[in-house]
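J.:
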Amino acid sequence: MPKASRNPTQRPRHRGRAGATDPTATEPRTGRDAAERILSIAVVVLIAIAVLGFAATLLHVALRDSVPMFASTMWQYAYWLPLLSLPLAIVCLVSLVLVNAAGKARRR
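Per the UniProt record's numbering, numbering through the sequence shown is continuous, rising by one, with the last residue being 108.
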């Protein structure tokens, strides 16, 4: 087994306590940070719902004549998922950009 290097640049640094090296970790979280986090999660979730709605609609249209399960009315409601979630995702994305820009403007 090779010997460990004595070069200090090749040794892993010792980790300090959490927050000791990161100056942003000591700052208190604001409502704007929570709003940004919630909006970013909402954008991802709403886009995922829209994609699943598109897939369900395609399955319903393609297989409703051959598979009895896809002929039920439940699959017809999948058509509304993208129609509702995509506009909501766009509204959340625009509000996320505005909240982020307002936060950066205040920090300056």
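For every residue, glycine included, the Cβ atom is placed at its ideal position computed from N, Cα and C.
Please classify A55 as buried or exposed, where buried requires at least 16 neighbouring CB atoms within 10 angstroms.
T.: Exposed, by the Cβ-count rule.
J.: Hey, is the region 56-69 in contact with the region 36-43, meaning 3+ C-beta pairs nearer than 8 Å?
T.: With the cut-off at 8 Å, the region 56-69 and the region 36-43 do not touch.
J.: Any chance the region 68-81 sits against the region 89-98, with 3 or more Cβ pairs inside 8 Å?
T.: No contact exists between the region 68-81 and the region 89-98.
J.: What are the uninterrupted segments assigned as beta strand (DSSP E) that are 3 or more residues long and contained completely in the region 42-74, given in chain order?
T.: If we require 3 residues or more, the region 42-74 turns out to have no beta strand (DSSP E) run fully inside it.
J.: Determine the direct distance from the alpha carbon of V43 to that of A50, and round the result to whole angstroms.
T.: Roughly 11 Å between the two C-alpha positions.
J.: Where does R29 sit, in a helix, a strand or coil, going by DSSP?
T.: Residue state, collapsed to three classes: coil.
J.: So A102 is in the alpha helix (DSSP H); what residue range does that whole segment cover?
T.: Element bounds for A102: 80-107.
J.: Pop quiz: G103 and R29 are said to be a contact at Cβ under 8 Å. What is the actual Cβ separation, rounded to whole angstroms?
T.: With 8 Å as the limit, G103 and R29 do not qualify as a contact, their Cβ atoms being about 12 Å apart.
J.: Answer yes or no: do A78 and G53 have a C-beta to C-beta separation smaller than 8 Å?
T.: Yes; because the gap between Cβ atoms is below 8 Å, this pair is in contact.
J.: In whole angstroms, what is the alpha-carbon distance linking A101 and P87?
T.: Those two C-alpha atoms are separated by around 21 Å.
J.: In whole angstroms, give me the CA-to-CA distance for L81 and V45.
T.: L81 and V45: Cα-Cα distance of roughly 12 Å.
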